[in-house]
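Novice: Just dropping this structure here.
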Amino acid sequence: MSVEDAKRAVDIGCTGIMVSNHGGRQLDGSRSPFDQLAEIVDAVGDKLDVICEGGIHRGTHMLKALSLGAKACSGGRLYLYALAAGGQAGVERALEKYKAELVRDMKLMGCTKISDLNRSNLRFRR
326 MSVEDAKRAV DIGCTGIMVS NHGGRQLDGS RSPFDQLAEI VDAVGDKLDV ICEGGIHRGT
386 HMLKALSLGA KACSGGRLYL YALAAGGQAG VERALEKYKA ELVRDMKLMG CTKISDLNRS
446 NLRFRR
């Protein structure tokens with residue numbers, strides 16, 4: 326959750342890190358992963374893979390994280406409710422919904438592939 330920890334991960338030979346506040350439940354007073362993802366990517370993103378694992382609840386959240394430089398996204402609770410409600414079929418349906426939102430919103434942004442995503446796609450509130 327910090328540039329210092331990310332640099333330490335590089336120093337000890339990690340090939341990837343997860344930026345997460347555990348869904349904001351355990352670390353509810355900390356910054357969100359989105360608030361510091363760009364700083365971490367800028368500091369170590371050329372040395373290891375940065376995966377965003379907090380605050381991913383929609384396809385648009387994936388677009389935001391990938392645009393900020395994350396190599397991948399992980400949603401801890403992304404599929405759990407679907408699994409509880411519908412088993413494997415529920416998870417497959419939930420993942421299809423995420424994919425459909427991701428593809429639709431990429432089209433709206435004028436992006437045809439994940440590698441088209443970058444920070445110029447985002448507008449930040451001031």
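Position one of the sequence shown corresponds to residue 326 (the working numbering), numbered consecutively onward.
Backbone N, C-alpha and C fix where the C-beta goes; we use that ideal spot for every residue, glycine too.
Small disclaimer: the values here were computed from a predicted structure and weren't measured.
1. When you compare the CB positions of Ile381 and Gly400, do they come within less than 8 Å of one another, or not?
2. Taking 8 Å as the cut-off, decide whether the C-beta atoms of Val344 and Gly379 are in contact.
3. How big is the Cα-Cα spacing for Ala407 and Leu420?
4. When DSSP labels each residue in this structure, what does Gly370 get in the three-state scheme?
5. If we count the other Cβ atoms within 10 Å of its Cβ and call it buried at 16 or more, is Ile342 buried or exposed?
6. When we look at the beta-carbon of Leu433 and count the other beta-carbons within 10 Å, is it buried (16 or more) or exposed?
7. Report back the beta-carbon spacing between Val366 and Ala395 to the nearest angstrom; my notes put them in contact at under 8 Å.
8. Taking C-alpha atoms, which residue in Leu447, Pro358, Cys339 and Leu405 lies nearest to Asp430?
9. Report the rounded CA-to-CA distance for Cys398 versus Leu391, giving the unit in angstroms.
10. When the distance is taken between beta carbons, is Leu427 closer than 8 Å to Leu388?
11. May I ask you to report which of helix, strand or coil DSSP gives Gly400?
12. Could you check the C-alpha separation between Lys332 and Asp374 for me, to the nearest Å?
13. So Met343 is in the beta strand (DSSP E); what residue range does that whole segment cover?
Specialist: In short:
1. Contact: yes.
2. Pairing Val344 with Gly379 gives a Cβ-Cβ distance under 8 Å.
3. The straight-line gap from Cα to Cα measures roughly 9 Å.
4. In the three-state reduction of the DSSP assignment, Gly370 falls in the coil class.
5. Residue burial annotation: Ile342 is buried, with at least 16 other C-beta atoms found within 10 angstroms of its C-beta.
6. Classification of Leu433: exposed, given that the 10 Å Cβ count is below 16.
7. Your pair Val366 and Ala395 checks out as a contact, with CB atoms roughly 7 Å apart and the cut at 8 Å.
8. Comparing Cα positions, the closest option is Leu447.
9. Cα-Cα distance, rounded: 8 Å.
10. Taking 8 Å as the cut-off, the Cβ atoms of Leu388 and Leu427 count as close.
11. If DSSP states are grouped into helix, strand and coil, Gly400 belongs with coil.
12. About 12 Å.
13. Taken as a continuous stretch (DSSP letters only), the beta strand (DSSP E) holding Met343 covers Gly341 to Val344.
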